[in-house]
Each structure stands twice: as C-alpha cells, then as structure tokens.
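Before any comments, here is the structure.
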Amino acid sequence: MTSSNSLTIYGIGASPGIVIGPVLYLGRRKSGRRSHRLLGTEEVAKEVERFCGATSRAEAQLVAVRETFADNLAGYAPIIDSHILMLRDRMLNARALALIERERHDAEWALEQALAEARQVFARIEDHYLRERVHDVEQVAERIFRCLAGEEEQRFLVAGEKHIVAAQDFAPEDILHMAAEQVLGFFSEKGGETSHVAIMARTLGIPSVVGADEALRQVVSGDLAILDGGSGRIILRPSREQLDQYREYQRRQQEYSEEVAIYTHLAAETRDGLRVRIEANLEIAEEARQALASGAAGIGLFRSEYSYLGKKELPGEDELFMVYQGLLSRLAPFPVTIRTLDAGGDKLLAGGGPGGEANPALGLRAIRFSLREPGIFKVQLRALLRASVHGRLRIMFPMLASLCELKRIKELLGEVRAELGREEIPFSASIPIGIMIEVPSAVSIADVLAREVDFFSIGTNDLIQYALAIDRGNEHVAQMYEPLHPAVLRMIRQVVEAGHQAGIEVGICGEMAGEISYVPLLLGLGLDQLSMHPLAIPYVKRMVRDSTAEEAEALSLELLGCASAQEVHNALVDYLPRRYPEEFRNGGIGYLRKSCCTVLCKSGGGAALQG
Amino acid sequence: MECLEKKITIANQCGLHGRASAKLVETARCFAAEVWLVRDGEEADGKSILEVMALACTKGTPLTIKARGTDAEEALAILASLVENKFGED
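For the record, the sequence lines run as chains A and B. This note's numbering applies: residue 1 is where the first sequence begins, and numbers increase by one. This note's numbering applies: residue 1001 is where the second sequence begins, and numbers increase by one.
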C-alpha cells in the first residue's frame, strides 16, 4: 500500500486544514554549532564589524516586521518590542563583542558562548514563566546567527512556489511573514497547542502542526508532503495511494463545506420544531468576526486565559475591560459567555502560583486559583462588571466542585458590586451567572448547584478526563479517553435533568458539542445549547435540521442503555450512515475533530466514517 | 564620581517582568548615568533587560537602585518614581 519511502510523523494539530505541497526546510538552527576559530590580531576589527553589522541587520528586520504588521496584529507588538530590546542587550551583545575583541574568538562562537551563559542565568530563575523566556532569547540570538551567515530575512515564497514550511521552531514574527506570503502550511519540532505561534496560525488560518518531535531528521527540501492540521499528521514523501486518498479528503472537505455553507445562517431547529442555541467557543476576541460569519448565535465560551498566559505580567483591570468591552459590543445583541480564568498558577507568570505541582490537573487551578488569589480574581470581576453595560454578558466559572466555592464566588461578586456602586461606576444589574460542570462531584450535586445559578455548561473535555481518570495527554492511556463511555452519557443526562428541574439552561462547550456524530445523541439528551469551534457551526446546524427531536430521544435512550463505550460506538456507526446518508455519505467528513476520528475509527466498522 | 543610591520596594502586582522591566530599561537608557539594581547583593545592569529579568523581582521585593554619572540624581528620582507608581499599571 505505502511506498517504503513514505513516513508519517505525528505532532499536535495547531490549526486545521489539509494541504499538499513541497516542503521548504529552513535548516537546522544556526546556533548550536561547535566549530571555533581563533582570530589573528589583524582580523579582530573586521570580525567586530561583521558582528555589529549582523546585529544591525537583525534589528532592522525586527523593526520592519513591527512596522509592516503594525495594523494587522497589534496584540503581538509588545513581543516584538521586547525582542528588539534583547537584541541589543549587554548580556548577549556586549558579552559576545567582548569575547571577539578581547579573546579573539570568531563571532559565531562568541555569540554561542554568550547565549550559553544567558541560558545558565535563566536556568537559575525559580519563576517558571520568567525561566521560559530563555526561549525568546534563543529566538533573538538565532536571528543574529542567520544574519551572520549572510541570510536575508526568511522568505517562504521561493521561485513563486508555495510551500509547506518546516523548521525546528518558529518565532511569532515568522508567522506574520508566512501569512503575508501565503505559505500552504507549516510544521515545527517545538511548540504547543497554546503557544503564540499556534494561536496566530489559527487566527490567520494557516494549517499547521507543532511539537512534531524528530520530524526534521527525515525532511529534505523539495520533498512532497501532506500536512493535516486537524489530526496533527504530516506524511512525508506520500505514496500514490496516500496522495489520492488525501486529495479526495481535500476535495470532499471543499465540496462539503460549500454544500454546508448554506446552513450557516439558518436556525438550528429540528424538523419537528425543537430549537437549540448554537454558539461559538473563542480563544481570542479577534475571532469574534469569524464566529458571527459562521452563524453563531452568541459566544458560549470565551476563554479569558489569553490575556494572562504568555504575557509577561498580569493584565490590569483596564486592559481586561477593553478586551471584554470590545467583544461584548461587537457581538451585541448576541450573548457572550466569558469564563473566568481557567489556568493554574504554573501557567501564570507573575502572580506566581505554587509551581511544580505533582499533579496539576488535580491542583490549584481554575476557580480554586481564583479563590486563593482574590486580588487577581477581583480585578477580572471588576473588568467584567464594568464591561457588562456594553452588551449581553454572561459570566461562567470553571471547575466548580462544591457549593462552598459558589458561595465564596458570590461573596466576592457582592464585594465587587458594592465597590463599583460606591465608585459610581455603572454595571448591569442582571448578569446571568453560570458554572462549568466538569468535575464529577459537581455532577453529583447538580441539583443543589442548579438552584444557585442561571445556567450550566458541561465542559466535556475535562469531565471525561476526571470521570474516567484518563489523562488525554498521556500516550499510554489516551486511547481510553472515551466520550461515549456510558458513565459520561449518564452524567450528561443527570446534569440536564437537574438543570431543567430547576428551570435553568444546560449546554455543552467541550469538543463533543462540535462533533456532528454526536449531535443526535446530544439533542436526545435534552441539551439547550451547544458551543463549539466556529468552523463546526454550519455542519452541526445541518445535522440539527436533518434531525427530529423524537428520533433523537429514542436514540439517546437506546444509547443510554448500552453497557460499554464499544456498544454505544457500534450502535452509532450502524445508525448514523443509515439515518443521515447525506452527512455520512463518503464517510461523512467535513469538519471532523480528532476526537471523532479516534472514536469512530477505532473499530473496523468506523473506517467508513473517517474523514 | 559619587555613586548615589535609593532603596525602593517593587509595588506593582506583577513585579519586574517583561513589560515593567522593559519600561524600566528603556527609561534607564535615557540617562547618561550608569544604573544598577541590587537585590540581596546581586547586581543587575539597569540598562539590560535580560539582567533585570534575571533578578526575578516580584511584588514586595526590596531593591536598591544605584546610579553614577552627571545625571545620576535625576535618573534615580525618575526610576524610583516609576517603580513607586507601579509603572502606571494598577
């Protein structure tokens, strides 16, 4: 089937989309070389000049990036500014110069040495966030190395041909260039799903895979490659069969997305008149336009972490207010659900959490962190309340596990309201307050919690992890992460019932909500709202409009009666193509998340459903 | 030339991280005087963002700012007020 030469590399899908094209391999990093030359006395002046020239060119490049893209992604400007400062920093620059001038080392070796010393200094820093900034120093040094080697600013468009660009690592600046030069996609060995680079790639719509370990050993420029940003896969030197297969996927994706586009702005209503609210999950406020264009009836989850993570310091109240106010006014009259900070102290730079927790998933994170750090939490609450007069705000709290936490949140909210009242700062008097249901204990006491809040949103990603005790990031057990586990289905059922009993709305904002294979089941379970990646919305709407509430309920009852995930899975694989031949014709692709592929394709029977 | 110094305490919520240290470094660079930050005997060049970051000063960290040069007095006053005013943050 596969030619012996073909190789599949797995990484982290940073930005979805399938692209096929030649690889442009940018080479190993320039840093890290060990060769060394001792200069003759007469060469020193020239070497100094070479080094200073390289630094100037590197600086000019960064200044140019900053100017060219100033209007485009203003939020990234401070990152580039700090890179410019580092470029001329004495720890790096003067140190390297001294090594050239006084000890007659060649410029590359001198810079390497200065970088190594900077690494040591940063390695001693206790604060996790600051210690990680050594990565920025490396990116800056790399730019000088490239200039020393006489390379121009990285160009991705070679001889008019579009490429899939590969490197060990990319700097945020590179992604801006890639967008301007319309690269097909990119992959790198370093980087994670929430790195600046990954988020920028998603915003700019560049299919990409990051964290592809060891990928570069196998790469030769000019090789043909397939990059699937949805599943995080790169196929180097694909066989004829693989090419045909992926071209077919690409074609079907294209076709299906055109076909499905007409559903974008239609109501999400079943044939027998059941309506669900389809909303979008947002990472950064800039995606708001995309959400509306995709047909979202609001924002079901705005992850507020972006203002906190990867920043050099905690955001101030005004900064947060600006973000929230902008989002609310852009979306009005649609509702915007903003989730308060959902991160652990380890990810937050400055305020510094405990750091080094043995088990962060069970540690001081999300609402626990906020309640432990009321100072930080209240800044966010104040910004939220102040923004509430600019649109329809809903506030959601993550990872609630007990009623006490909810009571404490309400106390703090009360304090903030009183403060604002005293300061005569206006805020909306009727902001719906909701909680994420993602800890099994919250499911158990959902009836109690339901009396205290205005809505529930089930965070299935975490709920599944906690309920099944599976770390999805752990390769040894990841295959046991099972959205269709009967325990999960029963939990969803229980939460919906508890919510409806108390007369509040229940939604889902995990990946399950955006997966078309789950739509009939979720409708049947009685969910009022589904919040998902904007791209998934037209597909889900189409599924809803092809369904009936009656059939969906019958299906959910049948599936609730299954004894194992496998049984549920088999029943779906049997049911979906029969009941929804249009959607699952050709294997029903379109927008299929990784989770679905793993679920539906695990057994042979699911192969037909693979996208 | 005489070396002036002033004791301060980092007051802003986030301490001397990225933006704050950048602001401090950019300000220090406006003066001819040499500037150092001293924390527990450890010194950082006030004109080097990497050294300032490496001091890892959080909120409440006591610091000594030192300056030497013709405009040392002015540099000291302005840098100290920058820190005291929490870099215009909170």
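Even for Gly, the Cβ is constructed at its ideal location relative to N, Cα and C. None of the values given here were measured: they were computed from a predicted structure.
Between residue i and chain B, is any beta-carbon pair separated by less than 8 Å?
| i | result |
| --- | --- |
| GLU126 of chain A | yes |
| PHE122 of chain A | yes |
| GLU313 of chain A | yes |
| ALA118 of chain A | yes |
| LEU92 of chain A | yes |
Within the same chain, show all residues whose beta-carbon is closer than 8 Å to that of residue i, passing over the 5 residues directly before and after it, in chain order.
| i | result |
| --- | --- |
| SER1048 of chain B | VAL1025 |
| LEU99 of chain A | HIS105, TRP109, ALA110, GLN113, ALA114 |
| LEU572 of chain A | LEU484, SER517, LEU521, LEU559, LEU600 |
| VAL477 of chain A | ILE470, ASP471 |
| ARG237 of chain A | SER3, ASN5, SER6, LEU7, ASP223, LEU224, ALA225 |
Applying a beta-carbon distance threshold of less than 8 Å, which residues of chain A neighbour residue i?
| i | result |
| --- | --- |
| ILE1049 of chain B | SER82, LEU85, MET86, ASP89 |
Going by C-alpha to C-alpha distance, which of the options sits closest to residue i?
| i | options | result |
| --- | --- | --- |
| PRO315 of chain A | B:ALA1020, B:MET1001, B:LEU1050 | B:ALA1020 |
| ILE199 of chain A | A:LEU572, A:ALA171, A:LEU85 | A:ALA171 |
| ILE435 of chain A | A:ASP169, A:PHE334, A:TYR580, A:VAL506 | A:VAL506 |
| PHE321 of chain A | A:SER304, A:THR68, A:TYR256 | A:SER304 |
| GLY211 of chain A | A:ALA225, A:GLN168, A:GLY222, A:ARG251 | A:GLN168 |
| PRO486 of chain A | A:CYS562, A:PHE187, A:CYS52 | A:CYS562 |
| ILE665 of chain A | A:GLN380, A:VAL197, A:LEU371, A:GLN529 | Given that chain A is displayed from residue 1 to residue 611, the structure contains no residue 665 of chain A and the question cannot be resolved. |
| HIS36 of chain A | A:LEU400, A:SER82, A:GLU103, A:ALA45 | A:GLU103 |
| ILE338 of chain A | A:ILE299, A:VAL496, A:THR41 | A:ILE299 |
| ARG615 of chain A | A:GLU550, A:ILE20, A:ARG542, A:LEU576 | Summary: the structure shown does not reach residue 615 of chain A, with chain A confined to residues 1 through 611, and so no result is reported for it. |
| LEU26 of chain A | A:SER402, A:SER221, A:VAL544 | A:SER221 |
| GLU313 of chain A | B:ILE1065, B:ALA1072, B:CYS1057, B:GLU1002 | B:CYS1057 |
| ALA1171 of chain B | B:ILE1010, B:THR1009, B:TRP1036, B:MET1053 | As shown, chain B starts at 1001 and ends at 1090. That puts residue 1171 of chain B outside it, with no answer to give. |
| LEU7 of chain A | A:LEU403, A:VAL519, A:LEU224 | A:LEU224 |
| LYS1007 of chain B | B:LYS1066, B:LYS1086, B:LEU1082 | B:LYS1066 |
| ALA552 of chain A | A:ALA502, A:GLY526, A:ARG240, A:ASP574 | A:GLY526 |
| GLU1074 of chain B | B:GLN1013, B:GLY1015, B:ALA1033, B:ALA1011 | B:ALA1033 |
| VAL323 of chain A | A:MET399, A:PRO333, A:TYR308 | A:TYR308 |
| LEU384 of chain A | A:LEU400, A:LEU341, A:LEU406 | A:LEU341 |
Is the shortest distance between the beta-carbon of residue i and the beta-carbons of chain A less than 8 Å?
| i | result |
| --- | --- |
| ALA1033 of chain B | no |
| ARG1068 of chain B | no |
| VAL1083 of chain B | no |
| ALA1020 of chain B | yes |
| ASP1071 of chain B | no |
| ALA1011 of chain B | no |
| ALA1056 of chain B | yes |
| GLY1060 of chain B | no |
Note down, in chain order, every chain A residue with its Cβ under 9 Å from the Cβ of residue i.
| i | result |
| --- | --- |
| ASP988 of chain B | The displayed coordinates of chain B run from 1001 to 1090. Any statement about residue 988 of chain B would go beyond what the structure contains. |
Residues of chain B with a CB under 7 Å from the CB of residue i: which are they?
| i | result |
| --- | --- |
| ARG133 of chain A | MET1053 |
| LEU130 of chain A | HIS1017, MET1053, ALA1056 |
Pull up the DSSP beta-bridge partners for residue i, would you.
| i | result |
| --- | --- |
| LYS1007 of chain B | B:THR1064 |
| ALA280 of chain A | A:ILE299, A:MET532 |
| GLY524 of chain A | None; GLY524 of chain A has no bridge partner. |
| ASP1045 of chain B | B:TRP1036 |
| HIS105 of chain A | A:LEU38 |
| TYR10 of chain A | A:ARG233 |
| LEU393 of chain A | A:VAL336 |
| PHE186 of chain A | A:VAL165, A:SER208 |
| PRO22 of chain A | A:LEU224 |
| ILE458 of chain A | A:ILE437, A:ILE508 |
| GLU269 of chain A | A:ARG275 |
| GLY499 of chain A | DSSP output for GLY499 of chain A lists no bridge partner at all. |
Report the neighbours of residue i on chain B: residues whose CB is nearer than 9 Å to its CB, in chain order.
| i | result |
| --- | --- |
| VAL137 of chain A | LEU1050 |
Spatial neighbours of residue i within its chain, please: CB distance less than 6 Å, with the 5 preceding and 5 following residues excluded, ordered by chain position.
| i | result |
| --- | --- |
| LEU115 of chain A | ALA141 |
| LEU204 of chain A | ALA179 |
| ALA549 of chain A | THR270, ASP272, LEU274 |
| ARG202 of chain A | SER15 |
| ASP1071 of chain B | PHE1031, ALA1032, ALA1033 |
Who are the near neighbours of residue i in its chain, counting only those whose CB is closer than 7 Å to its CB and skipping five residues on each side?
| i | result |
| --- | --- |
| SER428 of chain A | SER388, VAL389, LEU393 |
| HIS533 of chain A | ASN281, GLY514 |
| ASP228 of chain A | ILE18 |
| GLY363 of chain A | GLY344, GLU357 |
| ALA467 of chain A | PRO440, ALA487, VAL488, MET491 |
Quick one: does the C-beta of residue i sit closer than 7 Å to a heavy atom of the ligand MG?
| i | result |
| --- | --- |
| GLU1051 of chain B | Of the ligands one can find in the structure shown there are none, so the ligand MG has no counterpart to examine. |
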